[in-house]
Each structure stands twice: as C-alpha cells, then as structure tokens.
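Asks: The structure's right below; bear with me while I get my questions together.
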Amino acid sequence: MSKNSFEYLIFFDESGKNNDSPLLMGALMIPQNVYQKDEFQLFNKLLCDRKIRLHWSNYSGDHNDRLTICLTITTLMKYSQTFRFNVINYIRPKNGLVDKKTFDKMIYSKLPERIIYGLLRHGGSNMKITATIFIEDATEYKDLQKYIVEQLNLQAIYRGEQFEVTDCSRKRKNTEIGLDLTDMILGFIRNIVSYSKSSTSKRKEAQNKLIVELLKCDSFYTFLSNIRFFEWNFTRELIQINFEHYLQVFLSHRDDWLKHL
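First residue of the sequence shown: 1, per our numbering; consecutive thereafter.
Encoded structure:
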C-alpha cells in the first residue's frame, strides 16, 4: 500500500536570551496547504510591503499595534486546529558551572532538534511527512541551518519515523508570517509564565491586557491550552508540564478576565 504524503512548514524561534528568564524556544508546524490560504498570503504581502509590523516585545498599548495583533491572531487562529506547537523552557546554569560558549552551542543545537523532532514524530505508518524549516536570519542560527536537516533525517531513520526534512531556510524578521506568529505566541507564553501579582511596568500590563483580550477568542484559548510545554533544568529528560495550569493561574488573577465570565 502506498503512503499518503503530507507537506508541512515548521517555524522556529526563541524568546528571552542570556539570563532574562523565562528562556523559551519553540516551533509552530502548519500544513503547507493551510499556509497557502489567502489569509496567510495576505499577511505575508503586508509584511513584505511594510504595511504592518509585528513586534510583541515592543508593544506598549499603541492603538494601531493592538489592532494589527488582534487582527492577525483572530484571522489565523481559525486554522489553529491544524497547527502543532512545541516549546521548551530552559534554565541557564549558574555562573562557572558550565562554560557559557559550550552551553550556548548545546542550546542552539540540541534543543531546536528536540523541539522539531517532537512535532514530526509519531506520524503513523500509512503517512509520509515532508517538512521545510524556517528560522530567523540571525548569527546564532548560522550553524543550526547547516546540520539540522541531516540530524533530523538521521533520527527519522534510526527511530523508524515516517518523515523527511527537505530544507531549512533563514528569513529576516517581518518577512514570513509563520515566523512572526511563532514569535508572538512565544511572547504570549513568556508573559503568562512570568506573570506576577505584584506591580509591573506599564508596558507589561498593556501586554497582559491584550493577551486577556485575545484569549476571549475561543480558537486561540483552545490552541494555547493545548500547546506541548516542556521544562529542562540539567536533567536527563525533558519534563512535560500542563501549560493550562499556567494559563489558569494567569487568568484567575486578571479582573478583566473574571468580568468576562
């Protein structure tokens, strides 16, 4: 029996660097036929024409930025039942425990591989998955682009998985909506994980307020509740965490959410 072949696009990014915890790496997987839908292509054109910009870390309550982010999420999340999203929250070692250069080399090789492999595995014996990876055009990903295709394909053969990675491309910020969507989702997750009841900056409060507004969209709430969230702190295995617990704590301390119920 011939296998059905399905094509996917995977968008990898990170949020938080050095000691600015939480430190997150994540990837979004979207079926290629879904990504070819008019809505995705329209946002790609708007980005390339510089009609819109998506910078979550810079968002501080600007009206036009809020409208752009809301439109992006509510429009694209109607396809979210076809998405997969994996994220790792990792801890940096204390100073002197591990050489920083060695640790960074490990982080930018092993963690992306684990994240993306987790998206591709267990596809079923009667289906063949082919995938193209997109990463940000940044210096720290230069080596990753060179070897991740080979490493993932070797993993697939070794473990008998039914997938093949065909390419890994680097893209500049605000040129590929899949990358910018991944960046925003990681930013949302970072706000939720690091949420504090104590006083926070005006920018952080504006971001949290917008996250609450976005979560009133049922498709986005369901998507975010079902991401696969892992934590790593120098242990042999990744620990999977129910991200909905983080989400519930965040929302239970937001009056703007409680009034919505």
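Where a beta carbon is used, it is the ideal one built from N, C-alpha and C, also for glycine.
(1) Contact defined as beta carbons within less than 8 Å: I believe I107 pairs with Y90. What is the distance between those atoms, to the nearest angstrom?
(2) With a Cβ-Cβ cutoff of 8 Å, do F12 and I133 count as a contact?
(3) Can you check which of these residues, N86, L154 and F223, is closest to V165 by C-alpha distance?
(4) For a test of the three-state rule: what should DSSP assign to L169, helix, strand or coil?
(5) Kindly list the residues whose CB is nearer than 6 Å to the CB of V149, restricted to its own chain and excluding five residues on each side of it in sequence; keep chain order.
(6) Considering only C-alpha positions, which residue in the set I88, Y141 and H260 is nearest to K105?
(7) In whole angstroms, what is the alpha-carbon distance linking N19 and N4?
(8) May I ask you to report which of helix, strand or coil DSSP gives H63?
(9) Pull the bridge partners of P31 from the DSSP assignment, please.
(10) Q32: which of L54, F234 and T82 sits nearest, CA to CA?
(11) Between which residues of its own chain and R203 is the CB-CB distance below 8 Å, once the five residues before and five after are set aside?
(12) Could you tell me the distance, in whole angstroms, from the CA atom of A27 to the CA atom of F85?
(13) Report all residues from its chain with a CB closer than 8 Å to the CB of L238; omit the five preceding and five following residues, and keep chain order.
(14) Per DSSP, F40 forms a beta bridge with which residues?
(15) Using CA atoms only, rank isn't needed, just tell me which of T182, T200 and K45 is closest to L224.
(16) For H253 and F243, what's the separation of their Cα atoms in angstroms?
(17) Ends of the alpha helix (DSSP H) at N208?
(18) I'd like to check one pair, G187 with S57: are the Cβ atoms closer than 8 Å?
(19) Can you tell me where the beta strand (DSSP E) holding R228 begins and where it ends?
(20) Reducing DSSP to helix, strand and coil, say where F134 ends up.
(21) Short check: CB of L251 to CB of I73, under 8 Å?
(22) Rounding to the nearest angstrom, what Cα-Cα distance links T200 and V212 in this structure?
(23) Cutting at 6 Å between CB atoms, please list the residues of its own chain near T130, excluding the five before and the five after it.
Replies: This is what the structure gives:
(1) 7 Å
(2) yes
(3) The residue with the shortest Cα to Cα distance from V165 is L154.
(4) The amino acid at residue 169 is misidentified as Leu; the sequence shows Ser. In this structure, S169 counts as strand in the three-state DSSP scheme.
(5) V165 and C168
(6) Y141
(7) 45 Å
(8) Per DSSP, reduced to three states, the secondary structure at H63 is helical.
(9) P31 has Y8 as its beta-bridge partners, per DSSP.
(10) Distance check between Q32 and each of L54, F234 and T82 places T82 closest, using alpha-carbon atoms only.
(11) The answer, listed in chain order, is Y59, S60 and G61.
(12) 6 Å
(13) I88, R114, F230, E231 and W232
(14) In DSSP, F40 forms no bridge with anything.
(15) The residue with the shortest Cα to Cα distance from L224 is T182.
(16) Near 16 Å, if we compare the C-alpha coordinates of F243 and H253.
(17) K202 to L215
(18) Cβ atoms of S57 and G187: closer than 8 Å.
(19) From DSSP, the beta strand (DSSP E) with R228 extends over R228 to W232.
(20) strand
(21) no
(22) 16 Å
(23) E7, E164 and T166
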